[in-house]
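Asks:
Numbering (my numbering), first residue to last: 162 to 412.
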């Protein structure tokens with residue numbers, strides 16, 4: 162189980178330690194193999210919350226617990242074994258794509274890396290590269306498009322096979338012609354896992370067990386898609402905007 166208990170986070174703004182609060186008193190519980198989505202307007206604290214979950218930052222109030230243990234009391238290695246994090250902006254190291262994927266599980270064989278790449282729908286673009294999976298990524302992964310970097314990162318998460326997966330806008334670079342492949346790759350990443358998704362694309366989250374709507378760093382509401390459409394004015398507004406945008410794309 163992943164549990165957030167009265168989580169707050171702020172950053173010091175000046176030498177006198179005046180603090181800007183970004184998240185306030187967040188309480189959430191995600192059961193094992195549960196699927197929760199964090200959504201809300203821009204600037205609401207969604208990506209900050211994702212980074213707190215993987216201990217990029219320390220909470221300034223409350224606690225985040227994995228299996229009942231405060232993540233601040235866990236070693237980096239122990240927490241890393243429990244959580245895979247796929248960020249919106251994926252950085253690749255200037256090494257082969259094979260070795261970039263193998264970072265998910267350094268002891269993995271070449272065959273296991275290749276299998277993860279196939280599950281992440283990398284096969285099509287790897288086949289176009291002269292050296293295939295042995296192609297150098299370039300500084301920051303500049304040899305690949307944003308969507309291709311995303312799929313390499315998803316392959317890394319598949320190979321890692323951690324029980325908890327945090328996807329922070331993982332489809333941000335998804336172009337329409339690759340949408341199906343990206344969704345298939347994400348389906349492989351989250352299969353049998355506890356999943357936390359940070360998302361703007363509402364059509365992809367309607368089947369979540371819970372949807373948490375963040376507004377200005379606080380929980381506006383939590384519920385299923387149907388419950389929020391009935392009870393949460395902010396979610397209703399977001400859904401109307403989403404459906405309007407979809408109709409505009411199809412026009």
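Glycine included, each C-beta is placed from N, C-alpha and C at the ideal position.
Go through the region 206-248 residue by residue and report every complete run of the beta strand (DSSP E) that reaches 3 residues or more, in order.
Replies: 222-227 and 244-247
Asks: Taking 8 Å as the cut-off, decide whether the C-beta atoms of residue 357 and residue 313 are in contact.
Replies: no
Asks: Report back the beta-carbon spacing between residue 320 and residue 273 to the nearest angstrom; my notes put them in contact at under 8 Å.
Replies: 7 Å
Asks: Do residue 346 and residue 315 have their C-beta atoms within less than 8 Å of each other?
Replies: Yes, these two residues count as a Cβ contact at 8 Å.
Asks: Who pairs with residue 190 in a beta bridge, going by DSSP?
Replies: 164
Asks: How would you label residue 396, buried or exposed, when you count the other beta carbons within 10 angstroms and need 16 or more for buried?
Replies: buried
Asks: Here's the rule I'm using: 16 or more other beta-carbon atoms within 10 Å means buried, otherwise exposed. How should residue 418 be labelled?
Replies: What the structure shows of the chain is the stretch from 162 to 412, and residue 418 is not part of that stretch, so it cannot be assessed.
Asks: For residue 248, which option in 232, 266 and 327 has the closest C-alpha, if you only look at C-alpha atoms?
Replies: 327
Asks: Kindly examine the ligand ADP and report whether one of its heavy atoms sits closer than 7 Å to the Cβ of residue 265.
Replies: No copy of the ligand ADP occurs in the structure displayed, which carries no ligand at all.
Asks: Output needed for residue 403: all residues of its chain with C-beta closer than 6 Å, excluding positions within five of it in sequence on either side, in chain order.
Replies: If the five residues before and after residue 403 are omitted, its C-beta is found closer than 6 Å to the C-beta atoms of 363, all from its own chain and listed in chain order.
Asks: Mark residue 343 as exposed unless 16 or more other C-beta atoms lie within 10 angstroms of its C-beta, in which case mark it buried.
Replies: So residue 343 ends up on the buried side.
Asks: Between residue 376 and residue 331, what straight-line distance do the alpha-carbon atoms span, to the nearest angstrom?
Replies: 21 Å
Asks: Could you tell me if residue 277 is buried or exposed, where buried requires 16 or more neighbouring beta carbons within 10 angstroms of its beta carbon?
Replies: buried
Asks: Rounding to the nearest angstrom, what Cα-Cα distance links residue 207 and residue 257 in this structure?
Replies: Going from the Cα of residue 207 to the Cα of residue 257 covers about 32 Å.
Asks: Here's the rule: buried if 16 or more other CB atoms are within 10 angstroms of the residue's CB, otherwise exposed. What is residue 387?
Replies: exposed
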